[in-house]
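Each step along the sequence shown adds one to the number in numbering that gives the first Met the number 0, with nothing skipped, and position 50 is 49.
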Amino acid sequence: MMKPIKITVPWVFGQYAMTVWPFVFVIPAWKDDKCLWVHEMYHWREQWRWLVIPWLVVYLVQLVILGLILRRPADKLPMEREAYRLSRECEAQDR
């Protein structure tokens with residue numbers, strides 16, 4: 000499998016990073032954070048498996064309905080749960 004194309008950007012919609020296969024956009028302050036990369040690589044592989052457009056459509060529908068309308072936190076969204084679990088696990092190992 001190919002590797003992601005990492006692009007450092009000044010701003011990513013109020014986030015630290017965002018993956019849109021084959022790219023991972025990340026703000027400079029977080030570009031070397033190992034646990035952030037664990038999270039983003041989960042999304043990167045998921046998008047490769049699903050194909051990007053279907054993944055983005057499902058993700059955006061969940062984000063709008065569950066995140067914006069029902070006000071659920073990001074780590075409770077179905078397509079974010081595993082990525083957040085992996086990044087929390089990474090952070091626990093680094094302590």
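Where is the CB? At the ideal position from N, CA and C, for every residue including glycine. Just so it is clear, the structure is predicted and the values come from calculations on it, not from any experiment.
- In the DSSP secondary-structure assignment, phenylalanine 12 is not bridged to any residue.
- In the three-state reduction of the DSSP assignment, isoleucine 26 falls in the coil class, being assigned neither a helical nor a strand state.
- Secondary structure at lysine 75: helix, using DSSP grouped into helix, strand and coil.
- Excluding the 5 residues flanking it on each side, isoleucine 4 has same chain C-beta neighbours closer than 6 Å at Pro21 and Phe22, in chain order.
- Distance from valine 11 to phenylalanine 24 at the Cβ level is roughly 5 Å; contact confirmed, criterion being Cβ atoms closer than 8 Å.
- Short of 8 Å from the beta carbon of arginine 71, and not among the five residues preceding or following it, lie these beta carbons of its own chain, in chain order: Leu65.
- Taking all protein chains in view, the Cβ of glutamine 14 is surrounded by fewer than 16 other Cβ atoms within 10 Å, so the residue is classified as exposed.
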